[in-house]
Amino acid sequence: MESPVLQPPVVRVKSPGKTGILIVNLGTPDSPSVPDVRKYLREFLMDGRVIDIPLVQRTLLINGIIAPFRAPKSAKVYKELWTENGSPLKYYGFIVEKELQKALGDDYVVKLAMRYQSPSIETGLMEFQRLGLTEIVVVPFFPQYASASTGSVYEKVMDIVKDWQVIPSIRFINRFHDHPKFIEGFVQLGQKYMASYDYEHFIFSYHGLPERQITKGDVTHKVCQFGTCCDSYHAMNQHCYRAQCFDTTRLLVQQLGIPEGKYTTCFQSRLGRTPWIKPYTDDVIRELGAKGVKSVLAFSPSFVADCLETTIEVGVEYKELFESAGGKHWQLVESLNDNPIWIETLVDLIKTA
Numbered sequence: 001m002e003s004p005v006l007q008p009p010v011v012r013v014k015s016p017g018k019t020g021i022l023i024v025n026l027g028t029p030d031s032p033s034v035p036d037v038r039k040y041l042r043e044f045l046m047d048g049r050v051i052d053i054p055l056v057q058r059t060l061l062i063n064g065i066i067a068p069f070r071a072p073k074s075a076k077v078y079k080e081l082w083t084e085n086g087s088p089l090k091y092y093g094f095i096v097e098k099e100l101q102k103a104l105g106d107d108y109v110v111k112l113a114m115r116y117q118s119p120s121i122e123t124g125l126m127e128f129q130r131l132g133l134t135e136i137v138v139v140p141f142f143p144q145y146a147s148a149s150t151g152s153v154y155e156k157v158m159d160i161v162k163d164w165q166v167i168p169s170i171r172f173i174n175r176f177h178d179h180p181k182f183i184e185g186f187v188q189l190g191q192k193y194m195a196s197y198d199y200e201h202f203i204f205s206y207h208g209l210p211e212r213q214i215t216k217g218d219v220t221h222k223v224c225q226f227g228t229c230c231d232s233y234h235a236m237n238q239h240c241y242r243a244q245c246f247d248t249t250r251l252l253v254q255q256l257g258i259p260e261g262k263y264t265t266c267f268q269s270r271l272g273r274t275p276w277i278k279p280y281t282d283d284v285i286r287e288l289g290a291k292g293v294k295s296v297l298a299f300s301p302s303f304v305a306d307c308l309e310t311t312i313e314v315g316v317e318y319k320e321l322f323e324s325a326g327g328k329h330w331q332l333v334e335s336l337n338d339n340p341i342w343i344e345t346l347v348d349l350i351k352t353a
């Protein structure tokens with residue numbers, strides 16, 4: 001009887017390919033000049049997920065009204081924001097790109113991209129394609145998911161890769177509003193200010209959205225009532241931007257030891273006359289002044305890098321509004337920027353995605 005032929009064991013070797021990490025923030029003009037600001041505004045506001053009205057109306061609104069008249073005003077504000085390193089949002093973005101690459105090691109290729117303007121998402125993805133990467137992780141820098149931010153990044157990435165002959169495995173980080181390290185980062189920053197001053201009230205100001213975008217995202221058509229529906233975070237409202245914002249506040253308040261009645265969650269940066277999610281930050285500030293509140297510590301936990309909406313809107317304009325309402329001491333808590341704990345957060349998100 002012949003002896004059976006023994007087959008060698010099958011050994012599966014991990015693919016030698018690297019993983020591409022595309023970190024994506026919203027964007028910034030290339031310079032604070034009026035032409036560059038106008039170019040940025042046109043690209044940003046023509047996104048159908050940002051201003052969700054029919055194309056013809058959106059085109060007329062942006063090109064006929066907003067871009068021509070708003071660009072000169074916005075350019076002046078961008079000049080206030082600009083530093084010797086340029087736009088803070090892009091400056092910190094490149095530092096994070098470098099530090100994240102260092103933290104992840106040689107098995108990864110990290111590229112910074114902006115949803116609008118440069119460096120573009122397409123440039124980053126084309127570099128991954130050139131390198132023949134078989135896996136890509138896309139990390140939108142928006143803690144709370146919204147169609148106008150994270151959703152727009154998803155759409156842009158998929159619109160680019162849909163024409164590739166070989167589409168690699170692509171994973172998206174959907175949100176990280178409750179990630180322990182993300183929360184810890186803002187807690188540490190807040191504690192630094194709380195240790196040196198006894199604040200009467202705490203504001204958690206998030207970027208606003210039109211109410212219609214929130215209701216459109218409620219696939220149940222039952223949960224979103226703009227009443228107490230965001231008082232808790234659960235399976236039925238887990239995709240709601242507003243609910244995620246309130247959940248971020250609850251986690252921060254708990255770890256900072258802020259008592260009930262001493263803090264407010266509110267929303268800034270509204271545009272146009274349609275209803276946006278409430279309460280509005282400027283209205284809250286006026287009410288605090290009317291109540292005699294003299295000191296406020298302000299957080300902006302929907303931004304991971306300082307930008308126009310944090311440094312200028314919250315740090316300068318709201319400070320002036322608070323003081324005109326009778327307040328005495330207003331302090332902005334800076335964003336995570338290039339904080340080491342932000343790099344740790346990203347590493348954890350990427351490796352457990």
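Each residue of the sequence shown is one higher than the one before, counting from 1 in UniProt numbering. We treat Cβ as the ideally placed atom computed from N, Cα and C, and that holds for glycine.
- Per DSSP, which one or two residues make a beta bridge with LEU112? ILE23
- Residue environment, PHE69, which counts as buried when at least 16 other CB atoms sit within 10 Å: exposed
- Label ILE277 either buried or exposed according to how many other C-beta atoms from any shown protein chain fall within 10 Å of its C-beta, with 16 as the threshold for buried. buried
- Since LEU252 and ILE183 are thought to touch, with beta carbons under 8 angstroms apart, how far apart are those beta carbons, to the nearest angstrom? 6 angstroms
- Message: Looking at TRP330: is its Cβ nearer than 9 angstroms to the Cβ of VAL284?
- Response: no
- Tell me, please, which residues DSSP counts as bridged to VAL332. Per the sequence shown, residue 332 should be read as Leu rather than Val. LEU332 is bridged to ALA298.
- Item | N-terminal and C-terminal residue of the alpha helix (DSSP H) that SER74 is part of | 67 to 81
- What is the DSSP secondary structure of TYR197, reduced to helix, strand or coil? coil
- Work out the CA separation of PRO32 and LEU26 for me, nearest whole Å. 16 angstroms
- Query: PRO140 lies in the alpha helix (DSSP H); which residues open and close that run?
  - Reply: No alpha helix (DSSP H) holds PRO140; the beta strand (DSSP E) holding it covers 135 to 140.
- Task: Could you check what DSSP says for PRO29 in three-state terms: helix, strand or coil?
- Result: coil
- Burial state of ARG12 (16 or more Cβ within 10 Å): For ARG12, the pLDDT reaches just 49, beneath the cut-off of 50, and the residue's location in the model is therefore unreliable, although a value from the coordinates is still provided. It is exposed - the Cβ of ARG12 has fewer than 16 other Cβ atoms within 10 Å.
- Item | ALA235 burial status per 10 Å Cβ neighbour count (16 or more: buried) | exposed
- Item | Contacting residues, own chain, Cβ-Cβ under 6 angstroms from VAL50 (five flanking each side not counted) | ALA148
- Count the other CB atoms within 10 Å of the CB of SER335; is the residue buried (16 or more) or exposed (fewer)? buried
- Item | CYS240 versus LYS291, ILE136 and LYS216, residue with shortest Cα-Cα distance | LYS216
- What did DSSP end up calling CYS266 once you bin it into helix, strand or coil? strand
- Message: Let me confirm a value: LYS222 is counted as buried when at least 16 other C-beta atoms fall within 10 Å, else exposed. Which label applies?
- Response: exposed
- Task: From the DSSP output, in three-state form, read off ARG49 for me.
- Result: coil
- Beta carbon proximity, PRO140 to chain C, threshold 9 angstroms: Of the protein chains in this structure there is only one, and it is not chain C.
- Task: May I ask you to report which of helix, strand or coil DSSP gives TRP164?
- Result: coil
- Taking all protein chains shown into account, do 16 or more other C-beta atoms lie within 10 angstroms of the C-beta of TYR197, making it buried, or fewer, making it exposed? exposed
- Kindly confirm or deny that the region 18 to 25 and the region 104 to 114 touch, where touching means at least three C-beta pairs closer than 8 angstroms. yes
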